[in-house]
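Report on the following structure.
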Amino acid sequence: MKEGKSATDMVAEAKQQVENLSPDQVEAELAKGDATLIDIRESEELKQHGKIAGSVHAPRGMLEFYADPAQPYHKPEFDKNSRLILHCASGGRSALATATLNKMGYRNVAHLDGGFKAWRECGKSVEPHEE
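Here the sequence shown stands for residues 1 to 131, where the numbers follow full-length UniProt numbering.
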């Protein structure tokens, strides 16, 4: 008998509850200038693999604190009235994080399905991460 849900189960459930965007859809939204791209990968991942130009780094472990205006760690990029698109390495963490932001009252948030990996596989540009 299975006790609780697996990480795979939780990601699949989250993907059913959130808006999933392809790399082309994300690129189109970013080109319009109406969206903020939030990179929730760890710092080491950015150093190793680079980043999508213009993305804001918010490691997954700090997401809720960056997103909550009542927290001292709140970042202004997290605005409940703005369009936010989250991404991670392959789409699992960002699906979970998007579901979390929905629970926190964010209504215009989506995630890059397939994550940074899908972005690169589609030939989209990346740049080196500079601290």
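Every residue gets a Cβ at the ideal spot worked out from N, C-alpha and C, and that includes glycine.
By alpha-carbon positions, which one of VAL18, SER43, ALA14 and GLN16 ends up nearest to PRO128?
SER43
What does the Cβ neighbour count give for ASP34, buried or exposed, with the cut at 16 atoms within 10 Å?
exposed
Cβ separation of SER90 and GLY114, assumed to be a contact under 8 Å, to the nearest whole Å
6 Å
For the beta strand (DSSP E) that GLU19 lies in, which residues bound it at each end?
19-21
Given residue 152 as reference, the closest of ALA97, LYS124, TYR106 and TRP119 once Cα atoms are compared
The structure shown does not extend to residue 152, since the chain is modelled only from 1 to 131, so the question has no answer here.
Can you give me the C-alpha to C-alpha distance between ILE52 and LYS5, rounded to a whole angstrom?
32 Å
Pop quiz: ILE85 and GLU29 are said to be a contact at Cβ under 8 Å. What is the actual Cβ separation, rounded to whole angstroms?
7 Å
Under the three-state DSSP convention, the category residue 133 falls into
Limits of the chain in this structure are 1 at one end and 131 at the other, which puts residue 133 out of reach.
Only counting the same chain, and skipping five residues up and downstream in sequence, which positions put a Cβ closer than 6 Å to that of residue 168?
It is not possible to answer for residue 168, since the shown part of the chain is limited to 1 through 131.
Considering only DSSP beta bridges, list what LEU112 is partnered with.
LEU21
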